[in-house]
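Novice: Chains as they are written, first to last, in this note's numbering: chain R, -5 to 257; chain H, 35 to 417.
Heads up, the beta-carbon is just placed ideally off N, CA and C, and yes, glycines get one too.
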Amino acid sequence: MKIIVCAKQVPDTTEVRIDPVTNTMIREGVPSILNPDDKNALEEALKLKDQRDDVTITVVSMGPPQAKDMLKECLAMGADEAILLSDRAFGGGDTWATSNTIAAAIQKIGDYDIIFAGRQAIDGDTAQVGPQIAEKLGLPQVTYVQNFSLEGDKVVVERMLEDGYEVVESAMPCVLTAIKELNDPRYMSVKGIYDAYGAEDPVKVWTLADVGIDPSLCGLKASPTKVVKSFVPQLKGKGVMLEGSEKEMTDALIVSLKQKHII
Amino acid sequence: MDFQLTKEQEMIRKMVADFAENEVKPIAAEIDQTEQFPMENIQKLFRYGVMGMNMPREYGGAGADDIAYAMAVEELGKKCATTACVVASHNSLACWPILKFGTEEQKNKYLPRLTGGTIGAFCLTEPNAGTDASAQQTVAVEDGDSYVINGSKIFITNGGVADIFIVFAMTDKSKGTRGISAFIVEGDTPGFARGKLEDKMGIRASSTTELVFTNMRIPKENLLGQLGKGFNIAMATLDGGRIGIAAQALGIAQGALDVTVNYVKERTQFGRPIAKFQNTQFRIAEMEARICAARHLVYDAAHRKYLSMQGKKISYTKEAAMAKLFASETAMEVTTKCVQLHGGYGYTKDYPVERMMRDAKITEIYEGTSEVQKMVISGQVMR
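1. Distance, Cα to Cα, residue 170/H vs residue 3/R?
2. Under 8 Å, with one C-beta from each stretch per pair, do the region 198 to 207 of chain R and the region 62 to 80 of chain H reach the 3-pair mark?
3. Establish whether the CB of residue 182/R and some CB of chain H are separated by less than 9 Å.
4. What does the Cβ neighbour count give for residue 326/H, buried or exposed, with the cut at 16 atoms within 10 Å?
5. In the structure shown, what three-state DSSP assignment does residue 253/R receive?
6. Quick one: Cα of residue 28/R to Cα of residue 1/R, how far?
7. So, under 8 Å CB-CB, residue 168/R and residue 133/R are touching, yes? Tell me the CB distance rounded to an integer number of Å.
8. Using 9 Å as the limit for Cβ to Cβ distance, is residue 82/H near chain R?
9. Excluding the 5 residues flanking residue 283/H on each side, which residues of the same chain have their C-beta closer than 6 Å to its C-beta?
10. Count the other CB atoms, across all protein chains shown, that sit within 10 Å of the CB of residue 256/H; report buried if there are 16 or more and exposed otherwise.
11. So, helix, strand or coil for residue 279/H, using DSSP?
12. Starting from the C-beta of residue 103/R, find all residues in its chain whose C-beta is less than 7 Å away, skip the five residues before and the five after it, and write them out in chain order.
13. Going along chain H in order, which residues have a C-beta closer than 7 Å to the C-beta of residue 23/R?
14. Compare the C-beta of residue 76/R against all C-beta atoms of chain H and say whether one is closer than 9 Å.
15. For the region 154 to 207 of chain H, which segments carrying the beta strand (DSSP E) assignment without a break, of at least 3 residues, lie completely within its bounds, in sequence order?
16. Give me the DSSP bridge partner(s) of residue 228/H.
17. With 9 Å as the threshold, decide whether the Cβ of residue 339/H is near any Cβ in chain R.
18. What residues from chain R crowd round residue 105/H, counting only those whose CB sits closer than 7 Å?
19. Chain R beta carbons: is any one of them nearer than 9 Å to that of residue 108/H?
20. Please report the distance separating the alpha-carbon of residue 338/H from that of residue 347/H.
21. Kindly indicate which three-state DSSP category residue 149/R falls into: helix, strand or coil?
22. Which whole-angstrom value is the C-beta distance of residue 91/R and residue 211/R, which I expect to be below 8 Å?
23. Please work out which residues of its chain come closer than 8 Å, Cβ to Cβ, to residue 140/H, disregarding the five sequence neighbours upstream and downstream, and give them in chain order.
24. Taking only beta-carbon positions, decide if residue 116/H is within less than 9 Å of chain R.
25. Can you list, in chain order, the residues of its chain whose CB lies under 8 Å from that of residue 174/R, leaving out five sequence neighbours each side?
26. Cβ closer than 8 Å: which chain H residues qualify as neighbours of residue 192/R?
27. Using beta-carbon positions only, say whether residue 177/R and residue 37/R come within less than 9 Å of one another.
28. Tell me, please, which residues DSSP counts as bridged to residue 139/R.
29. Any idea what DSSP makes of residue 96/H, helix, strand or coil?
30. Under 9 Å, do residue 230/R and residue 78/R count as touching if we go by C-beta distance?
31. Among residues of its own chain, excluding the 5 on either side of residue 40/R, which ones have a beta-carbon nearer than 6 Å to its beta-carbon?
32. Using the beta-carbon of each residue, which ones in chain H are nearer than 9 Å to residue 70/R?
33. Measuring only between beta-carbons, confirm whether residue 104/R sits less than 9 Å from chain H.
34. Leaving out five residues on either side along the sequence, give the residues of the same chain with a beta carbon under 7 Å from the beta carbon of residue 34/H.
35. For a contact defined as C-beta to C-beta under 7 Å, what are the partners of residue 187/R on chain H?
36. Ignore the nearest five residues each way along the sequence and tell me which others in residue 270/H's own chain have a CB closer than 6 Å to its CB.
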């Protein structure tokens, strides 16, 4: 059984500050990490590998050469293979161009049974790349997976909704996007660290030519998304928490809205 | 001279620090109170390859270097000295002597178990043989294809939870230290009994027990090293063990400083955080400088041990003793100052520095007291 995990290296947004003049992220000095939801995606694949002898896990990422570090972390956690799609031609891609590139690479890897991805990356928060990969590969997809099991030749998952969950069955191959409720990711192992970070670099790098994708389908030129402006929302005043019964809180809210001449 | 850590060392620090923060810290105060051995976490540390991490791959270890090992013990020690103590004793005192002095059969038989989930212990100290370790009263008498061991040991770290023991016993009393031999003993051997659990000041969740051997029959193939070489094996093992304890002490000191830095920024007296007072600033500066000095001593000793294990002709006896002496006294001094900076709150169990101060004390005592370290250091200097 072959599992592909899609992962992204992201800035640790808990430590990100915004430049007040340019309104862009200050990336200097901010550590890069494996995107948290992607860690859950990898963990679910690793759990399958713990249970079955025939599982191999390939982690795929697109990014600059320094994203290798994140892929090494995936290997140190227990993945078998890591492929970094890295080429200037891929640069500046939005989710559309990115999913074109990753889908093409996955097609090239071939012979997969399950593709796990994180729900969304903490830098862009789009939650689009996983579903787009499924569409471009013509695969069924289930997003927001909070529980997973393999039953015969199909997968049975719980898909989280706002007020509950639905149980979804899918044939394989399929794309599943993981949320943090799915599992508790393991740590790297000491052996894994020595194998992944040693003198021999185990991460494979695929360029445009290796992926074999039409250059017009990837990178900035293939990206329909145009960022017109980005800005930091102004800090608003402190909120007020109303307390009491529903009626008391409603009364207080109406009084407050009337005082402010909103109603 | 290169003070740069390797990428592997950096990542091991990160991994163990994450583990310590998420798995060890949340139970540290509780197990100090209940004296409950942290078996679940120790088994996880086996699974992640920290228990037995220095052992070569062919025996199930990770083949980790000694600086990575010291950093792992240090990171655990920052959050829980008990956990650091269990890991250090297992790696340095049980796995290492088998790797260094064991036959190929012994290594193949015991090391995969010691890297796979079985805890080890080192049994040298007796009621009348503490710092004077040569005064062993446990005796091993040759009888056919085995040795029959009688005697008792005290203060054995991991005594209640280990299943593989390195036991020292007198095989020829007339020869003094040259009459001491080492044996590998399994916990289910008839005649082997675990005595009472010590009620300790610190590292309270570590299992420190008495062991009693009554007509315990050990096959001759379990003699570790040559007959009569046990004292040398014990001393060589303790040379390395001291690096582990020094790393544990370093962790305790750093852990106490870390929580104290947070505390002094939050605690307000006379209308401002106590961090704004020069007394606080100077104390923090003194502690930081001392801890960094201790760290250099510990990593230097660890690096020398690594080179020595790689076959280089280099000694680490003096460096390990200096690291342990300095790091353990640093731990005691730093934790005492940290309690002082916490004031009355520091004297309660609501803050971790109280536990850290109690934990620090043992590092000046076990695996050779500070006085023994001074004997070793001066002995090396004035050879």
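Specialist: Straight from the coordinates:
1. Residue mapping note: residue 170/H aligns to position 136 of the second sequence, counting from 1. Residue mapping note: residue 3/R aligns to position 9 of the first sequence, counting from 1. Rounded to whole angstroms, residue 170/H to residue 3/R spans 58 Å at the Cα level.
2. no
3. By 1-based counting over the first sequence, the position of residue 182/R is 188. Chain H contact via Cβ: present.
4. Position 292 of the second sequence, counted from the start, is the residue given in the question as residue 326/H. Answer is exposed; the Cβ neighbour count stays below 16.
5. Start at 1 with the first residue of the first sequence, and residue 253/R comes out as number 259. Helix, per DSSP.
6. Taking the first sequence and counting its residues from 1, one reaches residue 28/R at position 34. Taking the first sequence and counting its residues from 1, one reaches residue 1/R at position 7. Straight-line Cα distance between these residues: approximately 7 Å.
7. Stepping through the first sequence from its first residue, residue 168/R is reached at position 174. Stepping through the first sequence from its first residue, residue 133/R is reached at position 139. With a Cβ gap of about 6 Å, residue 168/R and residue 133/R count as contacting.
8. Translated into positions along the second sequence, residue 82/H becomes position 48. With 9 Å as the cut-off, residue 82/H counts as an interface residue toward chain R.
9. Mapped onto the second sequence, residue 283/H falls at position 249. Hits under 6 Å: 361, 362, 365 and 397.
10. Position 222 of the second sequence holds residue 256/H. Buried, because 16 or more other Cβ atoms sit within 10 Å of the Cβ of residue 256/H.
11. Numbered from 1 along the second sequence, position 245 holds the residue referred to as residue 279/H. Helix at residue 279/H.
12. Locating residue 103/R in the first sequence gives position 109, where the first residue counts as 1. Taken in chain order, the residues that qualify are -2 and 52.
13. The count along the first sequence starts at 1 and reaches residue 23/R at position 29. Result: empty, since nearest Cβ-Cβ is about 17 Å, beyond 7 Å.
14. Taking the first sequence and counting its residues from 1, one reaches residue 76/R at position 82. False, the Cβ-Cβ gap to chain H never drops below 9 Å.
15. 154 to 157, 173 to 177, 180 to 191 and 198 to 204
16. Reading the second sequence from its first residue, position 194 is the one you call residue 228/H. Looking at the DSSP assignment, residue 228/H forms a beta bridge with 245/H.
17. The count along the second sequence starts at 1 and reaches residue 339/H at position 305. Cβ-Cβ to chain R under 9 Å: no for residue 339/H.
18. Mapped onto the second sequence, residue 105/H falls at position 71. By Cβ distance, chain R contributes nothing, its closest Cβ being about 11 Å from residue 105/H, past 7 Å.
19. To locate residue 108/H, count along the second sequence from 1; it is residue 74. No, residue 108/H lies away from the interface with chain R (no Cβ there is under 9 Å from its Cβ).
20. Along the second sequence, read from residue 1 onward, the residue named residue 338/H stands at position 304. Along the second sequence, read from residue 1 onward, the residue named residue 347/H stands at position 313. Cα to Cα, the separation comes out at about 10 Å.
21. What you label residue 149/R is simply residue 155 of the first sequence in a count that begins at 1. Reduced to three states, the DSSP call for residue 149/R is strand.
22. Start at 1 with the first residue of the first sequence, and residue 91/R comes out as number 97. Start at 1 with the first residue of the first sequence, and residue 211/R comes out as number 217. Rounded, the Cβ-Cβ distance is 7 Å, consistent with contact.
23. To locate residue 140/H, count along the second sequence from 1; it is residue 106. Hits under 8 Å: 132, 218, 255, 256 and 258.
24. Here residue 116/H corresponds to residue number 82 of the second sequence, with the count starting at 1. Chain R contact via Cβ: absent.
25. The residue given as residue 174/R occupies position 180 in the first sequence. Within the same chain, residue 174/R has close Cβ partners 30, 31 and 34.
26. If you number the first sequence from 1, residue 192/R lands on position 198. The answer, in chain order, is 42.
27. The count along the first sequence starts at 1 and reaches residue 177/R at position 183. The count along the first sequence starts at 1 and reaches residue 37/R at position 43. The answer is yes: Cβ separation under 9 Å.
28. By one-based count along the first sequence, residue 139/R stands at place 145. Note: residue 139/R sits in a beta bridge opposite 153/R and 172/R.
29. The count along the second sequence starts at 1 and reaches residue 96/H at position 62. Residue 96/H: coil per DSSP, three-state reduction.
30. Stepping through the first sequence from its first residue, residue 230/R is reached at position 236. Stepping through the first sequence from its first residue, residue 78/R is reached at position 84. No; because the gap between Cβ atoms is not below 9 Å, this pair is not in contact.
31. As a position in the first sequence, residue 40/R is number 46, starting the count at 1. Closer than 6 Å at the Cβ level, and outside the excluded window around residue 40/R, lie 72.
32. Walking along the first sequence from the start, residue 70/R turns up at place 76. The contacting residues are 45 and 49.
33. Residue numbering aside, residue 104/R sits at position 110 when the first sequence is read from its first letter. With 9 Å as the cut-off, residue 104/R does not count as an interface residue toward chain H.
34. Nothing can be reported for residue 34/H: it is not among the residues displayed for chain H, which extend from 35 to 417.
35. Locating residue 187/R in the first sequence gives position 193, counting from the first residue. Simply 42, 45, 46 and 49.
36. On the second sequence, position 236 is the one that residue 270/H refers to. Closer than 6 Å at the Cβ level, and outside the excluded window around residue 270/H, lies no residue.
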